[in-house]
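In the working numbering, the protein residues as written are 365 to 462. Working notes, structure below.
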Amino acid sequence: MDNAKKMLIMRHGFKSITFSAYKERLLKLFRMAVDRSQLVDGRWYNQQIQYTQNDVSIIIISSRITVSKPLNKSCEEGIIRMLNRRIQIDVHLKPEEL
């Protein structure tokens with residue numbers, strides 16, 4: 365494998381663990397755990413698995429503190445909501461938004 369290909373692979377690897385990717389990984393995790401059997405308030409799906417903030421940080425390879433920023437940003441954007449400390453995801457979330 366030539367150096368250009370190695371550099372490209374390394375760049376993609378580093379990109380996946382940068383801060384800008386935390387939100388993407390967070391939303392992918394929530395989308396994979398969505399429970400489509402019940403729609404709440406006509407817009408929200410519950411999660412099949414309720415993760416702690418520490419669980420999420422381990423899964424998306426970040427610190428527990430770092431998880432709170434993309435989590436809060438996603439709430440502000442209306443992509444997810446937290447109701448009684450349980451995360452719900454917007455039914456209209458498109459794959460390209462991940």
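Each residue gets a CB set at the ideal place from its N, CA and C atoms; glycine is no exception.
Report task. Taking only runs that begin and end inside the segment 375–459, name each unbroken alpha helix (DSSP H) of 4 or more residues, in chain order. Result -> 383–396, 417–423 and 428–440
Query raised in the report: Excluding sequence positions up to five away, which residues of its chain have a Cβ less than 8 Å from the Cβ of aspartate 399?
Result: Tyr409, Asn410, Gln411 and Gln412
Query raised in the report: Would serine 438 be called buried (16 or more neighbouring beta carbons within 10 Å of its own) or exposed?
Result: buried
**Report entry** Backbone CA spacing between arginine 407 and glutamine 414 [nearest angstrom]
**Finding:** 19 Å
Requested in this report: Take isoleucine 444 and list the residues in its own chain whose beta-carbon comes closer than 6 Å to its own, dropping the five residues that flank it on each side.
Outcome: Ser438, Ile451 and Ile453
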